[in-house]
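Undergrad:
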Amino acid sequence: MNNPKVKTIIEALVFCSSSVLKPERIKEIVKVPGKEIAQAIEELNQDYEKSERSFRIRKIAGGYQFYALSEFSSYLKELVKTKPIVLSSPSLETLAMIAYRQPITRLEIENMRGVDSTGVIRNLLEKNHVKIVGKKDVIGKPLLYGTTLFFLKHFGLNSVSELPKIEQLSDNPLKLGKQEKSNGYRKITQGNQ
């Protein structure tokens, strides 16, 4: 890297950002090409690895964010005791349909599922897994749904293109994350910690 100070500036920006920091925003602030940003992130991660740090910077949800290595997850769970997000089978099924077919209307979801999905979609909206992304240009202008940045972060994805191909999934169309089934509900834990 030509200017070592750029690397430390990028590190400070990612560190102080309260959410995923987009490369475009880094470019605006530091005024360096995207290639240099990616190189700086790579060098920072190499430095962290050499000095045996417990964290790295990763690209997720279209931007950069610090994360702790999975080997420290048991300690971090003690620090941050949060309830896992629990999704029912219908919620997970609907979320999969939205993720793979977005933008999609409620009616299109209901035609695939064969049941009313109003409550399930409302629940996914409240949990910030999906959002309204527009209106379909047909009579009645039904709402279109798509996934959120929270969805990407929760499942450890940089973009929806990283979802497994439908053909790669086993018979279970709901296989999006590690799942533990109990009482008809599936507890979802983040895939890439």
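Using the numbering used here, you'd call the opening residue of the sequence shown number 225 and step up by one each time. Note that the Cβ used here is the ideal one computed from N, Cα and C, for glycine as well.
Using 8 Å as the threshold, is the region 324-332 in touch with the region 299-312, meaning 3 or more CB pairs across them?
TA: Result no; under three Cβ-Cβ pairs closer than 8 Å.
Undergrad: Would you give the residue range spanned by the alpha helix (DSSP H) that Gly364 belongs to?
TA: In the sequence shown, the residue the question calls residue 364 occupies position 140. Note, Gly364: premise wrong, no alpha helix (DSSP H); not H, not E.
Undergrad: Could you tell me the distance, in whole angstroms, from the CA atom of Lys305 to the CA atom of Tyr299?
TA: In the sequence shown, residue 305 corresponds to position 81, counting from 1. In the sequence shown, residue 299 corresponds to position 75, counting from 1. So the alpha carbons of these two residues sit roughly 10 Å apart.
Undergrad: Roughly how many whole angstroms lie between the Cα atoms of Lys231 and Gln289?
TA: Position 7 of the sequence shown holds residue 231. Position 65 of the sequence shown holds residue 289. Using only the alpha carbons, I get a separation of about 15 Å.
Undergrad: Excluding five sequence neighbours on each side, which residues of the same chain lie with their C-beta closer than 6 Å to the C-beta of Gly370?
TA: Start at 1 with the first residue of the sequence shown, and residue 370 comes out as number 146. Same-chain partners within the cutoff: Gln326, Pro327 and Val357.
Undergrad: For the alpha helix (DSSP H) containing Val344, name the first residue and the last one.
TA: Residue mapping note: residue 344 aligns to position 120 of the sequence shown, counting from 1. Where Val344 is concerned, the enclosing alpha helix (DSSP H) stretches over Thr342 to Glu350.
Undergrad: Note the first and the last residue of the continuous alpha helix (DSSP H) segment covering Arg325.
TA: Walking along the sequence shown from the start, residue 325 turns up at place 101. Here the alpha helix (DSSP H) through Arg325 covers Ser313 to Arg325.
Undergrad: Following the continuous alpha helix (DSSP H) through Gln263, name the residue where it begins and the one where it ends.
TA: As a first step, residue 263 must be located in the sequence shown, where it is residue number 39. Gly258 to Lys274 is the span of the alpha helix (DSSP H), which, as asked, contains Gln263.
Undergrad: At a cut-off of 8 Å, is Ala262 close to the ligand ATP when judged by its beta-carbon and the heavy atoms of the ligand?
TA: The ligand content of the structure shown is nil, which means the ligand ATP is not present either.
Undergrad: Between the C-alpha atoms of Lys255 and Asn227, what's the straight-line distance to the nearest angstrom?
TA: Counting from one through the sequence shown, the residue named residue 255 turns up at place 31. Counting from one through the sequence shown, the residue named residue 227 turns up at place 3. Approximately 12 Å, taken between the alpha carbons.
Undergrad: Restricting to Cα atoms, I'd like to know which of Leu331, Ile284, Gln270 and Gly364 is closest to His378.
TA: Along the sequence shown, read from residue 1 onward, the residue named residue 378 stands at position 154. Considering only alpha carbons, the answer is Ile284.
Undergrad: Based on the DSSP secondary-structure assignment, which residues constitute the bridge partners of Gln289?
TA: Taking the first residue of the sequence shown as position 1, residue 289 is located at position 65. Bridge partners of Gln289: Arg282.
Undergrad: Please say whether Ser341 and Pro314 have beta carbons closer to each other than 9 Å?
TA: The residue labelled residue 314 in the question sits at position 90 within the sequence shown. The residue labelled residue 341 in the question sits at position 117 within the sequence shown. It is a contact, given that the beta carbons lie within the stated cut-off.
Undergrad: Give the straight-line distance between the Cα atoms of Ser434 and Ile261, rounded to the nearest whole angstrom.
TA: Residue 434 is absent from the model: the chain starts at 225 and stops at 417.
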